[in-house]
Structure formats: structure tokens, C-alpha cells
Amino acid sequence: AQRITFNEITKKAVTAAISSPREIDLNLVDAQQARRVLDRLVGYKLSPLLWKKMGIPRLSAGRVQSVATRIVVDRENEIKAFVSEEYWLLDAVLEKKAGTGFTARYYGSDGKKKELRSEEEVNKIIADVQNEVFTVSSVKSREKQRTPSPPFITSTLQQEASHKLGMTPARTMKIAQQLYEGIELTGRGTVGLITYMRTDSLRISDDAQAAAASFIKSHYGPEYYPGFARSFKTKSGAQDAHEAIRPSDITLIPENIKGDLTAEQYRLYRLIWGRFTACQMSNAVYNSINVEVDAKNHNFKATCSELKFAGYTYVYEETKEDEGGEIRRKLPTLAEGETLDAKEFAKEQKFTQPPSRYTEATLVKALEEKGIGRPSTYSPTISTILSREYVAKEGKYLRPTTLGETVNNLMREYFEDIVDLKFTAQMEESLDSVEEGKEQWKEVIREFYGGFSSELTAAETALEGKRIKVPDEVSDEKCDVCGKQMVYKRGPFGRFLGCPGYPECTFTKPIVIEMPGKCPKCGGRILKRTSRNGNPYYACEQRECDFITWYVPTKVFCPDCGKTMFKPSGRGRLKSFCMTEGCASFLPEEKRGYPKKKTENTEGTEAGAEASAAPSEAQVEEKPAKKTAGRKAASSAAAKKTDTAKKAATTKKTTTTKKTTAAKKTTTAKKTTAAKNTAGTKAAGTRTRKTVKTDE
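According to this note's numbering, the sequence shown is numbered sequentially starting from 0.
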């Protein structure tokens with residue numbers, strides 16, 4: 000048996016590989032086997048221990064997922080331990096004699112940077128300089144160039160898709176898989192639009208670089224091509240099995256094939272196409288101007304950066320972290336020694352902020368930076384810790400649950416090596432050494448298992464007869480029966496809110512999420528709930544209020560009536576609208592939905608969300624508090640529907656002879672449904688609640 004190896008899917012590479020087959024590399028086989036055995040040793044030995052000692056059968060531990068959980072827990076502990084400090088910003092609005100003004104920020108005294116920690120310090124500086132002449136001490140102008148970012152690898156694609164498109168890593172990989180496998184293009188058949196999407200290499204094939212050079216010169220002009228093919232260095236330790244993620248054919252411009260793609264496919268393909276095209280283009284050129292202004296012994300600074308030549312930014316500009324801290328507005332023409340007048344001063348109090356919680360994108364970045372896992376494992380790892388409920392997602396941020404913290408504490412106490420970041424990274428290096436033939440895979444396993452087995456025996460002995468209880472996580476909701484603060488509980492169907500007074504009080508209710516804005520009818524909180532079919536809807540927290548809708552509340556308030564505005568669900572571009580009848584900004588229901596763009600295969604895609612626009616309030620499932628009224632109304636509505644259906648069927652039978660059979664089937668089905676609805680009021684109320692109006 001022989002292998003052929005090619006690291007890029009091009010005709011040249013595949014042909015060369017076929018012409019020179021090689022023997023099977025047993026080092027690669029051994030490395031894969033070692034990785035597989037290690038994962039199973041950890042998972043199959045630790046998971047049963049967690050089940051037994053915590054009494055929760057769905058728990059699991061793993062060589063990568065346990066470390067990922069620890070990273071999230073450690074960040075939460077950092078946030079809890081963070082002590083905020085006060086600081087102040089001071090800006091001076093300065094004016095030339097001609098009346099042209101600009102803003103400069105306080106830097107320090109005598110050329111040394113100084114942090115302002117109190118309002119007293121700020122007031123003292125203002126008192127020192129408000130009657131002084133401001134003099135321009137330095138004007139520096141220079142040209143800066145920015146180079147494009149490298150093409151995507153798995154981790155950077157997941158991060159950028161999260162930042163720019165709002166896609167989770169799992170969703171990103173699913174759409175990328177579709178683009179890789181192939182899309183039916185008009186006139187061309189099925190075409191694979193991108194190269195393989197699970198890679199940690201920045202290598203680009205010679206063919207792709209040559210095609211990019213030709214495309215850039217012909218479409219944007221020779222000045223947009225740097226005159227050479229850009230190459231990027233892959234970081235050490237990468238597997239380098241596949242080239243970077245790029246379009247398979249750069250001439251397939253996203254806009255030209257948009258009609259053959261779903262909305263999500265188009266957006267992700269445009270992202271990949273733009274990033275790759277930009278990485279082979281010229282640098283962006285900026286004019287950077289730095290001005291220093293002095294008054295007495297105090298220093299102020301202003302910075303301005305103007306785009307001189309777009310270069311690669313004409314096609315794509317990557318997401319940048321907020322640079323902050325400096326005023327970056329356009330500056331007037333200034334000369335050294337020129338005097339300025341202080342028109343006014345603006346001071347602002349600030350407080351240092353704790354590090355933010357991880358998002359799925361930043362967690363992927365942390366795993367990559369720390370050498371934990373591989374490109375193919377990032378997305379499944381995050382999905383696992385979410386499904387195990389070690390981590391909960393609040394908005395876009397990841398927060399450890401009490402269960403996650405308890406499991407993490409147990410692992411750190413008895414299996415420090417497993418959740419140690421450096422140890423896990425070193426284990427990845429050992430597996431790479433096996434791949435390179437420097438170590439024997441059985442020796443690596445034997446060395447790991449010796450210590451692991453001892454830790455496992457010690458943990459089982461220490462925990463003999465003990466049961467680890469997961470502390471209840473207290474919610475903001477109060478029990479409707481006894482008034483106690485409700486806690487989060489876990490059941491066969493997931494988490495729910497339960498009364499801590501159980502078994503004396505057995506009240507429970509589903510978990511709800513508070514949305515922005517206020518109820519347009521009574522001003523109460525709007526809560527996100529889930530229907531029986533798993534669809535989210537939004538209702539007022541007050542039982543006596545009947546407000547309920549499938550439209551998403553926003554933070555925006557109507558400029559005319561002051562009530563909360565809503566928008567359709569999904570990621571459409573439609574603006575928010577007012578739902579208050581009688582308001583000048585009221586938008587009729589027929590104008591609130593998305594325009595239908597693509598009807599085939601829309602399930603689970605953004606296009607599907609757009610095609611199935613948010614239904615009206617009349618289609619929302621009735622709230623639990625209105626069950627009785629809903630059932631009565633449902634029976635009445637069902638009866639009216641039955642009468643209408645019978646009349647329509649009779650008219651159709653007398654006027655049409657070609658579709659007699661179909662008409663009979665339709666009439667029979669409607670009669671059967673009507674009979675069922677009439678037979679049981681309860682059944683009718685349950686099955687027709689979705690069509691009951693909520694204002695009854």
C-alpha cells in the first residue's frame with residue numbers, strides 16, 4: 000500500500016503527487032494513534048468518576064475540554080477579583096487666530112506622561128493653563144504603511160466571522176464545509192468555492208499567487224499589486240497539512256455568484272475571498288501627523304491619520320481592537336512656535352474595567368495562542384462545554400456555571416496535570432515529536448499513564464463515600480408562591496428555575512431572559528420565552544398584561560410616542576419600527592417582514608429566516624396565564640373556520656369539475672379536523688392556540 004501526498008488542491012500539486020507515490024509513514028500513524036489513546040484514557044477514566052461522585056450522568060472530562068473550561072473559569076475569577084481604579088481625561092479645545100479649532104489631550108508635565116487620578120488634579124491643571132498661551136512645540140508628519148493580514152486559517156476565520164458576521168464557530172465551519180464541498184453555479188455546475196477549511200498553515204500555492212497577481216492588475220490596476228507575491232510564515236508547531244483558506248478560483252467574484260448562494264454562504268465566501276485577495280495587494284499608505292502643544296510646563300498632544308492610498312483596504316479591512324486613548328480628528332495646518340488660544344476644557348471621569356469575558360471567537364484565539372488542541376477541535380470543544388453546561392452563553396459572552404466551576408475545582412484538586420495549560424501544550428509537543436519520529440508513541444503513553452493512574456487512584460480513595468454537591472445558582476426571579484429567590488435547577492430537558500424551598504414549595508418555571516426596552520402596553524419588563532415548538536417569542540412579565548409578539552425588542556425608543564421599537568428576528572438589515580397603533584411612526588404589519596429572496600433549502604439559514612418573516616401577534620402562542628380564555632376562543636375560532644371551509648368547498652364543487660377528487664379530499668380533511676376540535680375543548684385549545692388573537 001502506498002500514499003500520495005499533496006498539500007494544496009491544485010492540478011499541478013495533485014499531478015505531481017500521483018507521479019511520485021511514497022510508502023506509508025508509520026510515524027504519522029503512531030502519532031494519530033497516540034493522540035486517540037490519550038483522549039480515551041482521560042475521557043473513559045475521568046468521566047465515570049464525575050458521574051459517580053456528582054450524580055450527573057451527562058458529565059464528561061477531556062484532555063482539551065477540561066482546559067478550555069479552566070480558561071473560562073480563570074477569566075471569571077479575574078473579573079471577580081478586579082478592583083476598579085478612577086482616572087480622568089482632560090481635553091483642551093484650541094483655536095488658531097484664524098478661528099480653526101482642534102482638540103488636544105493632556106499628556107503630562109515636563110515631557111513625562113502623567114496619569115490623572117482625581118478631579119482635584121484636573122482642576123489644578125485647568126487653573127494653571129486656562130490663562131496661559133498655548134504654543135505648538137512640535138509638528139511631525141510622516142508617511143506610514145500598513146501591510147495586509149495573512150489569509151485565513153481555521154482559528155482566524157472563526158474569529159473574524161464572529162466579529163464581522165456574528166457567526167458562531169460551529170456555524171462558520173458548517174457554512175465553510177458547504178462552500179468547500181461545492182455549490183451549484185449557473186452555467187458551471189457544482190464548483191468547490193474554497194480550499195480545505197481545517198488548517199493551521201499560511202502557505203499559498205504558486206498557482207494561487209499567480210492567479211491573484213493577474214486578477215489584481217486587471218481589475219484594480221497595476222498600482223494595487225506590490226510587484227511580488229506575498230508569502231506568510233506559518234508559526235512553529237503547525238501541522239501544515241493544508242494550505243491557507245482561500246477561494247479556489249479568485250475570478251469567481253462574490254457579487255457575480257450571489258444569486259446561487261444563500262445569504263450566509265455569500266457573506267462567508269465574500270469574507271474569505273476579500274481576505275485572500277487583499278493579502279496579495281499593495282500596502283495601504285497613511286499620512287500621520289503628531290502635534291505637541293505646551294502651556295506653562297504642561298503638555299498636550301493631538302494625532303491625525305489620513306488615508307493617502309487605499310491599497311489592500313480597497314477590498315478588505317480586518318477587524319481592529321479599539322485603539323482609544325487619543326484624539327484622532329483632522330488637524331489644521333500648524334507650524335512650530337505658533338500660538339493658540341484655549342477655547343474651552345473638557346474633563347471626563349473614567350474607571351478601569353476588568354478584562355471582558357471570553358466570546359467563542361476570543362476563546363478560540365486563547366486556545367490557539369496557548370497551543371491547546373488543533374484546528375479541527377476548536378469548534379467541537381466549545382460546543383461540548385456548552386452542551387455539558389459547564390459554560391453558559393449570555394449574549395455573545397461565555398460565563399462559567401456553578402457546575403463548570405465545581406467540576407473545574409475537582410479537576411484542579413485531584414488532576415492538576417490534566418487541566419494545566421503548560422502540561423497540555425507540552426503533551427501536544429510530545430505528540431508532534433512522535434510524528435517527527437523523535438519519540439516512540441508507547442513511551443509517551445506510558446509516561447503519561449504512570450502519573451495519571453496514581454492521581455486517579457488517589458482521587459478515588461479521597462472521595463470514597465463522598466458526594467460532591469453542585470451549589471445552586473441563585474437567579475433574579477422570585478417564587479410566585481412563597482416569594483423566595485429562585486435557583487437554577489437541572490432536569491432531563493435542561494435547566495429551569497425552581498424554588499429553593501422544595502419539597503415544601505414545588506413551584507417551577509422556565510428560564511426567561513430580560514430583553515431591552517419596556518412593554519408598550521404597561522411599561523413592564525419584556526421577557527424572552529420559548530414556545531412549545533422551540534421558537535422564541537417575547538411577552539410582558541405582568542400576567543394581567545396580554546402583550547406578546549415574535550418581533551425582537553430593541554434598545555431604541557420611538558421618537559414620536561417614546562415606546563420601545565421592535566425589529567424582525569434574524570440578521571436582516573431592516574430598521575426597527577414602532578408597533579404602537581395611533582403613533583405617527585406606526586408601521587403596519589404587512590410592511591414589517593423581510594422580502595423573500597430564496598425559498599429552496601432555507602431551513603437553518605439566514606435566507607430562511609428572511610423568507611419566514613416574523614409572524615404577527617395573532618400567530619404567537621398564547622401565554623400560560625391565558626390558557627382558559629384561549630381554549631374557549633380557540634373553539635370559537637375553529638368553528639368559524641369550519642363553516643368557512645364548508646362554504647368554500649361547496650362553492651368549489653359547484654363551479655369546478657376538473658378537481659373534484661382534490662376538493663373532496665380537502666373537504667373531508669377539514670371536516671375531520673373540525674370534528675376533532677369540537678370533540679375535545681382541551682385538545683382544540685391546545686392545537687389551535689397559535690392562531691388565537693392575543694387581545695381576547
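The beta carbon of each residue, even a glycine, is placed where N, CA and C say it ideally should be.
So Thr68 and Gly403 are supposed to be a Cβ contact under 8 Å. How far apart are they, rounded? Contact holds; Cβ gap of about 5 Å.
Close Cβ partners of Phe101 (< 7 Å) along its chain, the five nearest in sequence each way excluded: Leu93, Ala301, Arg328, Leu330, Pro331
Val418 and Met426 closer than 8 Å at C-beta: no
Tell me whether Gln1 sits in a helix, a strand or coil according to DSSP, three-state version. strand
Contact belief for Phe363 with Ser154 at Cβ below 8 Å, rounded distance in angstroms: The displayed chain sequence assigns Val, not Phe, to residue 363. That belief holds up - the Cβ atoms of Val363 and Ser154 are roughly 5 Å apart, short of 8 Å.
What do you get for Ser117, buried or exposed, if any count of 16 or more other CB atoms within 10 angstroms of its CB means buried? exposed
Any idea if Glu605 is buried or exposed, counting beta-carbon neighbours within 10 angstroms, 16 or more meaning buried? Confidence at Glu605 is low in this model, with a pLDDT of 39, below 50, so the placement of that residue should be treated as unreliable; the coordinate-derived value is given next. So Glu605 counts as buried.
If you follow the beta strand (DSSP E) that Phe350 is in, where does it begin and where does it stop? 338-350
Note down, in chain order, each residue of its chain lying with its Cβ closer than 8 Å to the Cβ of Ile193, except the 5 sequence neighbours on either side. Ala175, Leu178, Tyr179, Ile244, Arg245, Pro246, Ser247, Tyr268, Ile271
Looking at C-alpha atoms only, which residue of Thr261, Arg141, Asp205, Val63 is the closest neighbour of Glu183? Thr261
To which residues of the same chain is Lys764 closer than 7 Å at the C-beta, ignoring the five residues directly before and after it? Since the first and last residues shown for the chain are 0 and 695, residue 764 lies out of range.
Straight-line Cα distance separating Phe231 from Arg21: 28 Å
Ser200 burial status per 10 Å Cβ neighbour count (16 or more: buried): Burial call: buried.
Where does the unbroken alpha helix (DSSP H) through Trp272 begin, and where does it stop? 262-278
Given Glu472 as reference, the closest of Ile510, Arg466, Ile444, Cys481 once Cα atoms are compared: Ile510
If I follow the unbroken beta strand (DSSP E) through Ser136, where does it start and stop? 133-145
Suppose only complete runs of 4+ residues qualify. What are the alpha helix (DSSP H) ranges in the region 439-513, listed by chain order? 440-461
Output needed for Asp293: all residues of its chain with C-beta closer than 6 Å, excluding positions within five of it in sequence on either side, in chain order. Thr134, Ser136
Given Glu540, which residues of its chain have a CB within under 7 Å of its CB, disregarding the five upstream and five downstream residues? Around Glu540: Gly523, Arg524, Leu526.
Among Gln208, Asn26, Thr460, Ser281, which has the Cα closest to the Cα of Glu222? For Glu222, the nearest C-alpha among the options comes from Ser281.
Beta carbon of Val139, beta carbon of Asn298: below 8 Å? The question names Val, yet the displayed sequence has Lys at residue 139. Taking 8 Å as the Cβ cut-off, Lys139 and Asn298 do not qualify as a contacting pair.
Measuring straight from C-alpha to C-alpha, what distance separates Tyr357 and Arg74? Rounded to the nearest angstrom, the gap between the Cα atoms of Tyr357 and Arg74 is 8 Å.
Per DSSP, which one or two residues make a beta bridge with Arg398? Ala391
Mark Asn407 as exposed unless 16 or more other C-beta atoms lie within 10 angstroms of its C-beta, in which case mark it buried. buried
Please say whether Pro515 and Pro558 have beta carbons closer to each other than 8 Å? The answer is no: Cβ separation not under 8 Å.
Which residue's Cα is closest to the Cα of Ala240: Cys504, Glu543, Thr4? Thr4
Going by C-alpha to C-alpha distance, which of Asn296, Ser46, Val13 sits closest to Val128? Asn296
Determine the direct distance from the alpha carbon of Lys566 to that of Val72, and round the result to whole angstroms. Between the alpha carbons of Val72 and Lys566 lies a distance of about 35 Å.
Which ranges would you report for the alpha helix (DSSP H) in the region 41-111 if only whole runs of at least 4 residues count? 64-80
Using CA atoms only, rank isn't needed, just tell me which of Arg489, Gly188, Cys478, Tyr86 is closest to Thr401. For the residues Arg489, Gly188, Cys478, Tyr86, the minimum Cα distance to Thr401 belongs to Arg489.
Indicate whether Ala60 and Val41 have their beta-carbon atoms separated by less than 8 Å. In contact: Ala60 and Val41 (Cβ atoms closer than 8 Å).
C-alpha gap between Asp475 and Phe556, whole angstroms: 25 Å
DSSP state of Asp380 mapped onto helix, strand, coil: The amino acid at residue 380 is misidentified as Asp; the sequence shows Thr. Residue state, collapsed to three classes: helix.
Of the residues Thr548, Lys483, Ile252, Lys437, which one's Cα is nearest the Cα of Asn26? Lys437
Which residue marks the beginning of the alpha helix (DSSP H) containing Met564, and which one marks its end? Run containing Met564: none in the alpha helix (DSSP H); it sits in the beta strand (DSSP E), 563-566.
If you check the beta carbons only, do Arg387 and Arg57 fall under 8 Å apart? yes
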